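Single-structure report; data block below.
Numbering (full-length UniProt numbering), first residue to last: 1 to 365.
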């Protein structure tokens, strides 16, 4: 049995940035996301962040390029690797870090954590902990936009592993059948947890999956924010015309699948190669070569990012933990009859009052 060929990488974009301010803005956001994620990893090691925690380290160019292409009223659905998307969508580092810490000032009031960032004002409609859980929901949102004749577009971000689940294919099929204004974005980092794309996908050129549904598609260098931004603009323009689009951005994460994954499936040489090709360093070198970025500016941008991250940690530390009584407050958007608010260990039905016990002392139903 012959070895499967490696996934071909998209050509590196050498197009110069036409707008220096935009180029620097991209770099600032990439640095902020990098420093934020590094601090999130530290917070997890310090046991200030619990649950699962997946970082955008190495994928900053894709994140920034995608979010910069959106209009303020567009909708974003993301995977559980969602911190950078929240930051690039304009949500303050303080509110994102507070959510990672599980505090009331977080974007999901402390009940969502790392994988479930949500902000209706930013139209970030959630990170989703279930692989592909966001894809049918994003498709439904695009159906709602089309039904009411809105001008918005929906961007649905996912990892490469999502392309092998049924909901991915069902959603692309319906989006194409119904001409929905949605861009499906596959952030291809080459690994579904520890399994390579070539080892799990009979068609490793993931953007070609769209051809089964007569959907336009494109692959782009995900390590170049300018290239990603341009491709996302093309995809969104196509979606606003009433036709869905599949965009594959090729960008590799620098670390393991989550903060507790040592990435033992990578050799020492592979890890060194990843660091040598780091998108943030490569982009900084490009800007420096074009005299857009100076050594002083590089230092100032990094210091500003560190100050913002430090402030977010202080904010999160000072924020209160949510009260147990609020655990069920956001289960439903509106009141639901017979909604149970039992806590773990409480009986399903209240026991009859014992002698000397008042009704208020019994557990709630």
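Beta carbons are placed, not taken as given, at the ideal position from N, Cα and C, and that holds for glycine.
All figures in this text were calculated on a predicted structure; none of them were measured in a lab.
Original post:
What's the gap between the Cα of residue 340 and the Cα of residue 111?
Top reply: The residue given as residue 340 occupies position 340 in the chain shown. The residue given as residue 111 occupies position 111 in the chain shown. For residue 340 and residue 111, the distance between alpha carbons rounds to 18 Å.
Subject >> For residue 195, three-class secondary structure by DSSP >> reply: Taking the chain shown and counting its residues from 1, one reaches residue 195 at position 195. In this structure, DSSP gives residue 195 an extended state, which the three-state scheme calls strand.
Original post:
What did DSSP end up calling residue 365 once you bin it into helix, strand or coil?
Top reply: Start at 1 with the first residue of the chain shown, and residue 365 comes out as number 365. At residue 365, the pLDDT of 49 sits below 50, so the modelled position is not reliable and the matter cannot be decided from this model.
Original post:
Is the distance from the Cβ of residue 104 to the Cβ of residue 239 below 9 Å?
Top reply: The residue you call residue 104 lines up with position 104 of the chain shown. The residue you call residue 239 lines up with position 239 of the chain shown. Taking the C-beta atoms as reference points, residue 239 is found no nearer than 9 Å to residue 104.
Original post:
Can you name the residues that DSSP bridges to residue 62?
Top reply: What you label residue 62 is simply residue 62 of the chain shown in a count that begins at 1. Residue 62 is not bridged to any residue.
Original post:
Can you tell which of 80, 261, 267 and 227 has the C-alpha that lies nearest to the C-alpha of residue 251?
Top reply: For this step, residue 251 is matched to residue 251 along the chain shown. That would be 227, whose Cα lies nearest to the Cα of residue 251.
Original post:
Buried or exposed: residue 20, going by 16 or more other Cβ atoms within 10 Å of its Cβ?
Top reply: Position 20 of the chain shown, counted from the start, is the residue given in the question as residue 20. Result: exposed.
Original post:
Could you give the residue range of the beta strand (DSSP E) that holds residue 157?
Top reply: Taking the chain shown and counting its residues from 1, one reaches residue 157 at position 157. Per DSSP, residue 157 is one residue of the beta strand (DSSP E) stretching across 154 to 159.
**OP:** Take the Cβ of residue 193 as the centre, count every other Cβ of all protein chains shown within 10 Å, and call the residue buried at 16 or more, exposed below.
**Re:** Start at 1 with the first residue of the chain shown, and residue 193 comes out as number 193. Classification for residue 193: exposed.
Original post:
Where residue 231 and residue 140 are concerned, what is the direct C-alpha to C-alpha distance, given to the nearest angstrom?
Top reply: The residue labelled residue 231 in the question sits at position 231 within the chain shown. The residue labelled residue 140 in the question sits at position 140 within the chain shown. So the alpha carbons of these two residues sit roughly 24 Å apart.
Original post:
Measuring CB to CB, does residue 36 end up less than 9 Å from residue 96?
Top reply: The residue given as residue 36 occupies position 36 in the chain shown. The residue given as residue 96 occupies position 96 in the chain shown. Yes, the pair counts as a contact, with Cβ atoms nearer than the cut-off.
**OP:** Would you mind sorting residue 326 into buried or exposed? The rule is 16 or more other CB atoms within 10 Å of its CB.
**Re:** Within the chain shown, the letter at position 326 stands for residue 326. Exposed, because fewer than 16 other Cβ atoms sit within 10 Å of the Cβ of residue 326.
Original post:
Would you call the CB atoms of residue 284 and residue 298 closer than 9 Å?
Top reply: Residue mapping note: residue 284 aligns to position 284 of the chain shown, counting from 1. Residue mapping note: residue 298 aligns to position 298 of the chain shown, counting from 1. Closer than 9 Å, so yes.
Subject >> Cβ pair count under 8 Å reaching 3, the region 136 to 151 against the region 246 to 262 >> reply: Flag = no, the region 136 to 151 and the region 246 to 262 do not touch.
Original post:
Roughly how many angstroms lie between the CA atoms of residue 308 and residue 123, to the nearest whole one?
Top reply: In the chain shown, residue 308 corresponds to position 308, counting from 1. In the chain shown, residue 123 corresponds to position 123, counting from 1. Rounded to the nearest angstrom, the two C-alpha atoms are 23 Å apart.
**OP:** Tell me residue 247's beta-bridge partners as DSSP assigns them.
**Re:** Here residue 247 is taken as the residue at index 247 of the chain shown, counted from 1. Checking the DSSP bridge columns, you'll see residue 247 partnered with 185 and 218.
Original post:
What is the DSSP secondary structure of residue 319, reduced to helix, strand or coil?
Top reply: As a position in the chain shown, residue 319 is number 319, starting the count at 1. The three-state reading of DSSP puts residue 319 in coil, since its state is none of H, G, I, E or B.
Subject >> For residue 176, the three-state DSSP class (helix, strand or coil) >> reply: Locating residue 176 in the chain shown gives position 176, counting from the first residue. Residue 176 falls in the helix class under three-state DSSP.
**OP:** Taking only runs that begin and end inside the region 20 to 89, name each unbroken beta strand (DSSP E) of 3 or more residues, in chain order.
**Re:** Whole beta strand (DSSP E) segments, 3+ residues: 75 to 79.
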